[in-house]
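Enquirer:
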Amino acid sequence: MEGAALDRQRSVLIVDHSEETREVLQTALQRRGLQTFSASRAGPGLELARRHHPDLIVLDLELDQANPEDLSAPFAEQSRTDHTALVMLGTVRRDRAGMPEGEFVAKPYHYGPLIRRIEELLDTMPESFGPGA
Amino acid sequence: MPSLFVIRGNDQGTRFELEDNTLRLGRDASSGIQIHDTEVSRQHAEIRRVDRDFAIRDLHSSNGTFVNGQRVERHRLSSGDHVQVGSTLMLYTGPSDGPEEDLAETISIATVQQTEDHSQIIHSVTEEEGSRIFEPGSEFLQNPWLARARSNLQVMYRTALAVSHTLDIDQLLHRIMELIFEWVDADRGCIMLADPPSKTLVPTVRRTRSGIRGDKRITISKTILDYVTERNEGVLTSDARQDERFDAAASIVQMGVREAICVPMRGRYDVVGAIYIDTSTPPQDVFRRGGTNKFTEDHLKLMVAIAHQAALAVEDTRYYSAMVQAERLAAIGQTVATLSHHIKNILQGIRGGSYLIELGLTEHDESVVDKGWKIVEKNQNKISTLVMDMLTFSKEREPDLATANVNQVVGDVIELMQARADELDVELHWQPDPAMPDLVFDPEGLHRAVLNVVTNGVDAAGEREGSGRTAVRSAYSAEKAMVQITVEDNGPGIPPDQIDQLFSPFVSTKKSRGTGLGLPVSQKILSEHGGRILVRSTPERGSRFILELPAVMPQPDTHATG
Chain A
1 MEGAALDRQR SVLIVDHSEE TREVLQTALQ RRGLQTFSAS RAGPGLELAR RHHPDLIVLD
61 LELDQANPED LSAPFAEQSR TDHTALVMLG TVRRDRAGMP EGEFVAKPYH YGPLIRRIEE
121 LLDTMPESFG PGA
Chain B
1 MPSLFVIRGN DQGTRFELED NTLRLGRDAS SGIQIHDTEV SRQHAEIRRV DRDFAIRDLH
61 SSNGTFVNGQ RVERHRLSSG DHVQVGSTLM LYTGPSDGPE EDLAETISIA TVQQTEDHSQ
121 IIHSVTEEEG SRIFEPGSEF LQNPWLARAR SNLQVMYRTA LAVSHTLDID QLLHRIMELI
181 FEWVDADRGC IMLADPPSKT LVPTVRRTRS GIRGDKRITI SKTILDYVTE RNEGVLTSDA
241 RQDERFDAAA SIVQMGVREA ICVPMRGRYD VVGAIYIDTS TPPQDVFRRG GTNKFTEDHL
301 KLMVAIAHQA ALAVEDTRYY SAMVQAERLA AIGQTVATLS HHIKNILQGI RGGSYLIELG
361 LTEHDESVVD KGWKIVEKNQ NKISTLVMDM LTFSKEREPD LATANVNQVV GDVIELMQAR
421 ADELDVELHW QPDPAMPDLV FDPEGLHRAV LNVVTNGVDA AGEREGSGRT AVRSAYSAEK
481 AMVQITVEDN GPGIPPDQID QLFSPFVSTK KSRGTGLGLP VSQKILSEHG GRILVRSTPE
541 RGSRFILELP AVMPQPDTHA TG
């Protein structure tokens, strides 16, 4: 929405099994001038991330039948490669080594604060790291 | 699977399955086997797989690791070993022996013609007669030793019977007491059980021979009780003065003689209590018989044996109840976890819908309000389904019978499920039997039953990522007076070890999506109709559910009320 962000449209990838969550996030984020991609499964989600290099990934940790740790690992790696932010919905077990870097939002969450946080993260991201730049 | 089962301590009733090759045992939360016992070190011991069995190694713990009562540094465990750390006692069960052979192959029951064995029955004994082996035949009466041995054996036989048929400790102890009174000439008796945490003995059963006068109160010397429970030995006592220096006769004339037997109830793991009996001989009898010997060493020995039997039964009963209790708690935990997860998801949906409504109102965009409202509505339905499922499951109900057509009911379900099938990219196929007549059943109930099974079928087929297919067909058989609704999917199938749990409530394999109520509810509805659900599943190939419903024709003259 701000002028600085206009030279390249920022994008968010939403990977969540719930159609409702995807719809709510997409609607809200698109109204803020963000481009969105969405997937209901980890595999196609990862593919979208590799193809479009979104600036931020929202990942539901209760996808498929996988446990949250295994699920988040490839996304965490992708976000490291692309220098993009990762917001995970749900929790992982604390005692596991190699907890993925990123933000955790415990369920059930409120959409208002979640969307504000997504915007903040996008705003503080260094422009030059955007892969499209 | 090899396991450690906690039979005493704060974690009583917990079973630790030894899945990994190496497991830490300790108080620390990161331990694979976490023991809630302050006498256990944070990292107390390590359990490591050795071939098929496991070995335990003490990790320099403060209070040591004990196997079968011996302190060990390292010990290879074998089935039945007792492992003690702090005040926690565990029972090790090893892997089952060897690959399971089919006993049917090694033992065959043959008809006479098939076998070379020409055995004949030469004598037969009924169960009732078997118990009479203890009745002394006349030829034995002359031999007092044999007669006594027989009588002792009979007491043990009856004790074994008494302890083998109960899960009620009080009842069990009363029976034991009764048995003792029938067998020995005791005046008073009591059984004390050790209160598990404090180990103090609490009187549990008491009995007085009818017609016994005198002191109602049984006073037992603490010294004797301590001796019995600590040293694990039974004692026979008498207050007759043994010491020649006393004038024995004088004291007996006043008081008579009191004899008592006190034995420990020693089980497999611990002393669980004590049994005490006593008898008084009045002064005149002492003189007439020239002494007292109502209680003999034989009585003592037999009492020790009886007490041991009783203790084993008490322990078994306690561990059994602890296990049942632990399982019940686990089931409640599972139920609450599954339900709260499901409710949490619904709440999440409602929050999403409300957020969109709010957004739409602020920005005066009706289309967003509309979107939000649809989401809220959908989640209202979810809550309503959940509540209906819970109600259906929790109470006994009669099907609400009406005349309807199964094809219509299933067709409605298919229509309802089409959206979900599209979302998951699943081809939903429906093949109704054109010859399906109108029948009497509970249409709403059947709708719910079919809906749950079709939902599962579509969800399972959805795992196929694009090539999923769920086929539903109905079939009516006039001959069998039966309707079959078959739901077949090409999903990943159900692992054989989960088939048994398929109809257990609140056990969902669908993780975030399932309430664990779907199939149990479907099954309940079908069985209320006198029908059933058949399942066949091949891992990697898919599953087939058949809902069988008895076909009840409507009465031609009267319409069933609906």
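Going down the list, the sequences are from chains A and B.
Counted the way our numbering counts, the first sequence spans residues 1 to 133.
Counted the way our numbering counts, the second sequence spans residues 1 to 562.
Ideal placement from N, C-alpha and C gives every residue a C-beta, glycine not left out.
Please report whether the beta-carbon of PRO108 of chain A lies at a distance below 7 angstroms from any beta-carbon of chain B.
Expert: yes
Enquirer: Any C-beta of chain A sitting closer than 7 angstroms to the C-beta of TYR320 of chain B?
Expert: At a cut-off of 7 angstroms between beta-carbon atoms, TYR320 of chain B makes no contact with chain A.
Enquirer: When the Cα atoms are used, what is the spatial distance from ARG328 of chain B to TYR92 of chain B?
Expert: Taking the straight line joining both Cα atoms gives about 22 angstroms.
Enquirer: Would LEU4 of chain B be called buried (16 or more neighbouring beta carbons within 10 Å of its own) or exposed?
Expert: buried
Enquirer: Counting pairs of beta carbons, one from the segment 304-320 of chain B and one from the segment 163-181 of chain B, are three or more of them closer than 8 angstroms?
Expert: yes
Enquirer: Looking at VAL40 of chain B and GLY86 of chain B, is the spacing between their C-beta atoms short of 7 angstroms?
Expert: Yes.
Enquirer: Measure the CB-CB distance between VAL626 of chain B and PHE393 of chain B and report whether it falls below 7 angstroms.
Expert: Look at the range of chain B in this structure, 1 to 562, and you will see that residue 626 of chain B is not part of it.
Enquirer: Check whether the segment 43-63 of chain B and the segment 98-118 of chain A are in contact - that is, three or more C-beta pairs closer than 8 angstroms.
Expert: Between the segment 43-63 of chain B and the segment 98-118 of chain A, the count of Cβ pairs shorter than 8 angstroms is below three; the stretches do not touch.
Enquirer: Given a cut-off of 7 angstroms, decide if ILE383 of chain B and GLU20 of chain A are closer than it, judged by their beta-carbon atoms.
Expert: no
Enquirer: Counting pairs of beta carbons, one from the segment 42-60 of chain A and one from the segment 2-17 of chain B, are three or more of them closer than 8 angstroms?
Expert: no
Enquirer: Please classify ARG148 of chain B: does DSSP put it in a helix, a strand, or coil?
Expert: helix
Enquirer: Excluding the five sequence neighbours on either side, which residues of its own chain have a C-beta within less than 7 angstroms of the C-beta of ASN452 of chain B, listed in chain order?
Expert: GLY518, LEU519, VAL521, SER522
Enquirer: What number of angstroms, rounded off, separates the C-alpha of GLY94 of chain B from the C-alpha of ARG48 of chain B?
Expert: 13 angstroms
Enquirer: Mapping DSSP to helix, strand and coil, what is MET436 of chain B?
Expert: coil
Enquirer: Which partner residues does ILE485 of chain B have in the DSSP bridge list?
Expert: B:SER474, B:LEU547
Enquirer: Mind checking if LEU356 of chain B is an interface residue toward chain A, Cβ cutoff 7 angstroms exclusive?
Expert: yes
Enquirer: Quick check on ASN143 of chain B: buried or exposed, where buried means 16 or more other Cβ atoms within 10 Å of its Cβ?
Expert: With a threshold of 16 other beta carbon atoms within 10 Å, ASN143 of chain B falls short and is exposed.
Enquirer: Is it buried or exposed, SER198 of chain B, if we count other Cβ atoms within 10 angstroms and call 16 or more buried?
Expert: exposed
Enquirer: Does the segment 406-416 of chain B come close enough to the segment 438-457 of chain B that 3 or more CB-CB pairs lie under 8 angstroms?
Expert: yes
Enquirer: Quick one: what's got a C-beta closer than 6 angstroms to PRO264 of chain B's C-beta in the same chain, skipping five residues either side?
Expert: VAL228, THR229, ASN232, VAL271, ALA274
Enquirer: For LYS371 of chain B, go through chain A and note every residue whose CB falls closer than 7 angstroms to its CB, in chain order.
Expert: Think of a sphere of 7 angstroms around the beta carbon of LYS371 of chain B: the chain A residues whose beta carbon falls inside it are GLU23, THR27, in chain order.
Enquirer: Quick one: measure Cβ to Cβ for GLY400 of chain B and ASP438 of chain B, integer angstroms, because I've assumed they're closer than 8 angstroms.
Expert: Here residue 400 of chain B is Asp; the residue named in the question, Gly, does not match the sequence. Wrong, their Cβ atoms sit about 16 angstroms apart, outside the cutoff.
Enquirer: For LEU56 of chain A, which of helix, strand or coil comes out of DSSP?
Expert: It is a strand residue.
Enquirer: With a threshold of 16 other CB atoms inside 10 Å of the CB of MET1 of chain B, please say whether the residue is buried or exposed.
Expert: MET1 of chain B is exposed by the Cβ-count criterion.
Enquirer: When DSSP labels each residue in this structure, what does PRO196 of chain B get in the three-state scheme?
Expert: coil
Enquirer: Of all the options B:GLU46, B:THR88, B:MET90, which has the alpha carbon lying nearest to the alpha carbon of ARG74 of chain B?
Expert: If we check each option's Cα against that of ARG74 of chain B, B:GLU46 comes out closest.
Enquirer: Would you give the residue range spanned by the alpha helix (DSSP H) that THR219 of chain B belongs to?
Expert: Per DSSP, THR219 of chain B belongs to no alpha helix (DSSP H) and is neither H nor E.
Enquirer: Taking a contact to mean a Cβ-Cβ separation below 7 angstroms, would you say ASP195 of chain B touches VAL184 of chain B in this structure?
Expert: no
Enquirer: For the alpha helix (DSSP H) containing ALA330 of chain B, list its first residue and its last residue.
Expert: 297-362
Enquirer: I need the boundaries of the beta strand (DSSP E) containing THR36 of chain A, first residue and last residue.
Expert: 35-39
Enquirer: Between the Cα of ILE494 of chain B and those of B:PHE54, B:GLY69, B:PHE545, spot the shortest distance and give me the residue it belongs to.
Expert: For the residues B:PHE54, B:GLY69, B:PHE545, the minimum Cα distance to ILE494 of chain B belongs to B:PHE545.
Enquirer: Exposed or buried, MET553 of chain B, counting other C-beta atoms within 10 Å across all chains shown (16 or more means buried)?
Expert: Result: exposed.
Enquirer: Taking Cβ positions only, does THR561 of chain B come closer than 7 angstroms to chain A?
Expert: Since pLDDT at THR561 of chain B reaches only 49, below the 50 mark, its modelled position is unreliable, and the value read off the structure follows with that caveat. Output row for THR561 of chain B: interface = no.
Enquirer: By the criterion of Cβ-Cβ separation under 9 angstroms, what are the contact partners of GLY112 of chain A in chain B?
Expert: TYR355, GLU358
Enquirer: Among A:ARG50, A:THR91, A:PRO108, A:LEU114, whose alpha-carbon lies nearest the alpha-carbon of THR81 of chain A?
Expert: A:ARG50
Enquirer: Can you name, in chain order, every residue of its own chain whose Cβ lies under 7 angstroms from the Cβ of ALA5 of chain A, other than the five neighbours on each side?
Expert: Per-residue confidence for ALA5 of chain A stands at a pLDDT of 45, beneath the threshold of 50, marking its modelled position as unreliable; the derived number appears in the next sentence. So the list is empty, once near-sequence residues are dropped.
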